Amino acid sequence: MPAPLPTGPLVTRASLACDLRALGVRSGETLLAHSSLSSLGWVNGGRVAVVQALLDVLGEDGTLVVPAESGDLSDPAHWIDPPVPEQWWETVRATMPAYDPRTTPTRSIGVIPETVRTWPGALRSAHPLTSFAALGPRAAEIVEGHAADCRLGDRSPLGRLEERGARVLMLGTAYGACTGFHLAEYRVPHAFEDAGRPGPAGWEHVTEVAISADRFDELGAAFERDAPVVPGRVGAAQSRLFPLADAVAYAQSWLPVHRPCLQGRSGAGRPGHPGAVARP
């Protein structure tokens with residue numbers, strides 16, 4: 440039997456650009472995009488057309504930033520999604536490729552960020568687990584100096600994005616993917632996570648703030664009720680646009696009240712992000 444026809448909607452580079460402008464994305468701005476290709480509909484040109492549309496709207500003076508996480512460059516003793524047998528751990532540690540911003544692929548964050556990462560002229564920050572990739576005239580100043588012991592705090596690209604008045608585009612994604620809320624976690628009483636032992640030879644051992652996306656969807660719903668979030672559709676995707684600084688400030692107030700059990704308690708960290716990370 441022939442394959443069924445797609446149900447649509449049919450989405451193109453031009454229609455995506457039109458929808459993004461209608462949502463309020465502006466030429467020349469700095470935009471942190473969280474994205475889901477599958478939510479957009481049947482996109483002619485797929486991931487490439489989406490990136491082209493974003494760059495069309497931002498123009499030559501705009502800068503596009505995406506998370507470029509690679510959480511598999513970590514100690515296998517902490518892997519849970521999926522885990523590997525304990526008898527493999529030493530071999531995995533000894534043979535893990537070191538992080539290279541140019542060649543290390545993204546993991547578990549979708550195909551649009553990977554497309555941005557590999558786009559001509561893209562720059563990427565130095566953190567081996569939670570890097571960001573950027574395209575545009577502000578790319579270098581945003582990605583430089585990403586501290587090894589600051590995944591998503593003030594000494595990460597998120598801090599620089601906030602300083603520069605960036606806005607966040609949630610392109611068919613839920614608030615659980617909003618990295619800006621993690622920046623708020625660094626500014627409230629918090630626990631620290633540590634591997635508890637030296638990292639393998641050639642690895643870097645760090646102690647970090649324990650972060651978690653637990654209840655971020657609930658936080659996002661409250662933020663959307665109380666803050667200037669612009670909702671709209673891009674292709675078939677329910678999307679949202681808002682200032683990063685507003686999201687961080689709201690989360691700083693919300694988290695200690697609504698999620699106190701995860702603030703200031705050891706072991707509250709996000710699975711898969713241990714103290715030892717593979718470094719050159």
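Numbering (my numbering), first residue to last: 440 to 719. Ideal Cβ placement from N, Cα and C applies to all residues, glycine included. No experiment lies behind these values; they were computed from the predicted model shown.
Beta-ladder partner(s) of residue i, from DSSP
{"i": "Leu444", "result": "Paired residue(s): none; Leu444 is not in a bridge."}
{"i": "Gly671", "result": "Ser678"}
{"i": "Pro506", "result": "Phe571"}
{"i": "Val450", "result": "Val482"}
{"i": "Leu759", "result": "Residue 759 is absent from the structure shown; the chain starts at 440 and stops at 719."}
{"i": "Leu610", "result": "Ser474 and Ser678"}
Pair within 8 Å by beta-carbon distance, residue i and residue j
{"i": "Ser478", "j": "Ile551", "result": "no"}
{"i": "Ala660", "j": "Val607", "result": "no"}
{"i": "Leu503", "j": "Leu574", "result": "yes"}
{"i": "Leu680", "j": "Gly463", "result": "yes"}
{"i": "Val450", "j": "Val490", "result": "no"}
{"i": "Val496", "j": "Ser466", "result": "yes"}
{"i": "Leu597", "j": "Leu622", "result": "yes"}
{"i": "Gly480", "j": "Pro448", "result": "yes"}
{"i": "Leu600", "j": "Ile650", "result": "no"}
As assigned by DSSP and simplified to three states, the class of residue i
{"i": "Pro515", "result": "helix"}
{"i": "Glu647", "result": "strand"}
{"i": "Pro536", "result": "coil"}
{"i": "His473", "result": "strand"}
{"i": "Asp523", "result": "First, the residue type needs correcting, since residue 523 is Val and not Asp in the sequence shown. Note: Val523 maps to coil in three-state DSSP."}
{"i": "Val487", "result": "helix"}
{"i": "Trp558", "result": "coil"}
{"i": "Arg563", "result": "strand"}
Option in the options with minimal Cα separation from residue i
{"i": "Asp665", "options": "Gly447, Trp693 and Val496", "result": "Trp693"}
{"i": "Ser678", "options": "Thr469, Glu468, Leu476 and Met440", "result": "Leu476"}
{"i": "Ala472", "options": "Thr530, Val673 and Ser651", "result": "Val673"}
{"i": "Arg460", "options": "Gly598, Ala652 and Gly498", "result": "Gly498"}
{"i": "Pro540", "options": "Ile548, Val523, His566 and Thr469", "result": "His566"}
Cβ separation of residue i and residue j, assumed to be a contact under 8 Å, to the nearest whole Å
{"i": "Asp500", "j": "Pro445", "result": "Between Pro445 and Asp500 the Cβ distance is about 36 Å, and since that is not below 8 Å, they are no contact."}
{"i": "Pro506", "j": "Phe571", "result": "6 Å"}
{"i": "Leu568", "j": "Val582", "result": "Between Val582 and Leu568 the Cβ distance is about 15 Å, and since that is not below 8 Å, they are no contact."}
{"i": "Gly510", "j": "Arg532", "result": "Incorrect: roughly 15 Å between the Cβ atoms, too far for contact."}
The ligand FMN heavy atom lying under 7 Å from the CB of residue i
{"i": "Leu512", "result": "For the ligand FMN, the structure offers nothing, since it holds no ligand at all."}
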